[in-house]
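Take the sequence shown: its position 93, counting from 1, is numbered 93 in UniProt numbering, and each next residue is one higher. Even glycine gets a Cβ: it sits at the ideal position worked out from N, Cα and C.
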Amino acid sequence: MKIAVFGATGGTGSVVVRQLLAAGRDVRATARGQEAAARLRSAGAEAVLLDLASSSPAEIEAALGGCEVVINAAAGRTVSGRQARRVDRDGVIRAIDAAERAGVRRWVQISMMGSDDPRRIPLSLRFLLWRVAAAKGQADAHLVRSGLVWTVIRPPWLTDGGPTGHVTVARNLDGGSLSRGDLAAVAIACVDQPATHHRLFDLSGGDVPMDRALASVAELS
Numbered sequence: 001m002k003i004a005v006f007g008a009t010g011g012t013g014s015v016v017v018r019q020l021l022a023a024g025r026d027v028r029a030t031a032r033g034q035e036a037a038a039r040l041r042s043a044g045a046e047a048v049l050l051d052l053a054s055s056s057p058a059e060i061e062a063a064l065g066g067c068e069v070v071i072n073a074a075a076g077r078t079v080s081g082r083q084a085r086r087v088d089r090d091g092v093i094r095a096i097d098a099a100e101r102a103g104v105r106r107w108v109q110i111s112m113m114g115s116d117d118p119r120r121i122p123l124s125l126r127f128l129l130w131r132v133a134a135a136k137g138q139a140d141a142h143l144v145r146s147g148l149v150w151t152v153i154r155p156p157w158l159t160d161g162g163p164t165g166h167v168t169v170a171r172n173l174d175g176g177s178l179s180r181g182d183l184a185a186v187a188i189a190c191v192d193q194p195a196t197h198h199r200l201f202d203l204s205g206g207d208v209p210m211d212r213a214l215a216s217v218a219e220l221s
């Protein structure tokens, strides 16, 4: 099974790639420049040049050829509304459509807490992040309407910690924080966890073992 990772050089995507490679998975990782692509190749991934903000639908479809799964960790590198619309909304929507044409069957989307309703973003961060949340929410909605087997994970504020193996999942959570290590581990585990198929859920740090938490996702109302 070949797994494509969008946003593979970002803060979360790089952790996803590292964990996939450590588990012996077959990884195709996207990069926007030759230097980043070379680093991915040296780590053991197959690397392709791709920029969700500017690549054409045909280029994205070609990059996904032979892949069965996408883990999308792509995100705009600023909190500007324009960048969020270019990457988090329009770029991801193009990629979802291209994935269907390329024969991808499974898509795990790393979104953000509040993408379903920016009013759920903590008040101190709402003005800064609501445009990003709105853009991600539109991409999430497009994914839900697609023919892919999808999962949408909505994490809160992220830290650079490693995986603890313990998390909290719920339909709606109120804030919290989560390590990128745990977020990456959950995204990877979702690939083979049927309970997460066609499900959206919030994710934060917690004390429930990850496997047990994900098995409970199907029961969320």
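Taking a contact to mean a Cβ-Cβ separation below 7 Å, would you say residue i touches residue j in this structure?
i, j, result
"residue 5", "residue 53", "no"
"residue 178", "residue 194", "no"
"residue 199", "residue 168", "no"
"residue 112", "residue 95", "no"
"residue 32", "residue 46", "no"
"residue 50", "residue 37", "no"
"residue 192", "residue 166", "no"
"residue 153", "residue 203", "yes"
"residue 209", "residue 182", "no"
"residue 43", "residue 108", "no"
"residue 180", "residue 12", "yes"
"residue 103", "residue 2", "no"
What's the C-alpha gap between residue i and residue j?
i, j, result
"residue 70", "residue 196", "15 Å"
"residue 161", "residue 17", "16 Å"
"residue 212", "residue 9", "30 Å"
"residue 219", "residue 24", "31 Å"
"residue 99", "residue 140", "15 Å"
"residue 58", "residue 72", "18 Å"
"residue 130", "residue 82", "12 Å"
"residue 184", "residue 21", "12 Å"
"residue 189", "residue 62", "26 Å"
"residue 41", "residue 159", "26 Å"
"residue 64", "residue 56", "13 Å"
"residue 97", "residue 76", "19 Å"
"residue 144", "residue 175", "24 Å"
"residue 26", "residue 217", "26 Å"
"residue 215", "residue 170", "12 Å"
"residue 60", "residue 116", "26 Å"
"residue 39", "residue 15", "14 Å"
"residue 101", "residue 110", "21 Å"
"residue 172", "residue 30", "31 Å"
"residue 142", "residue 91", "12 Å"
"residue 34", "residue 205", "35 Å"
"residue 19", "residue 201", "22 Å"
"residue 85", "residue 93", "10 Å"
"residue 119", "residue 135", "14 Å"
"residue 68", "residue 114", "29 Å"
Quick one: grab the DSSP three-state call for residue i.
i, result
"residue 200", "strand"
"residue 14", "helix"
"residue 211", "helix"
"residue 26", "strand"
"residue 129", "helix"
"residue 187", "helix"
"residue 176", "coil"
"residue 8", "coil"
"residue 206", "coil"
So residue i and residue j are in contact, right, with Cβ under 8 Å, and what is the actual spacing, rounded?
i, j, result
"residue 89", "residue 148", "Going by Cβ atoms, the distance from residue 89 to residue 148 rounds to 17 Å, so no, they are not a contact pair."
"residue 251", "residue 7", "Lying before the first or after the last residue shown, residue 251 is absent from the chain, which here runs from 1 to 221."
Inset, instruction - Could I get the ranges of all uninterrupted beta strand (DSSP E) runs contained in the segment 138-165, with 3 residues as the minimum, in chain order? - result: DSSP runs (the beta strand (DSSP E)) wholly in the segment 138-165: 149-154 and 157-159.
Inset, instruction - With a floor of 3 residues, list each beta strand (DSSP E) that falls wholly inside the segment 37-122, ordered by position along the chain. - result: 46-49, 69-72 and 106-110
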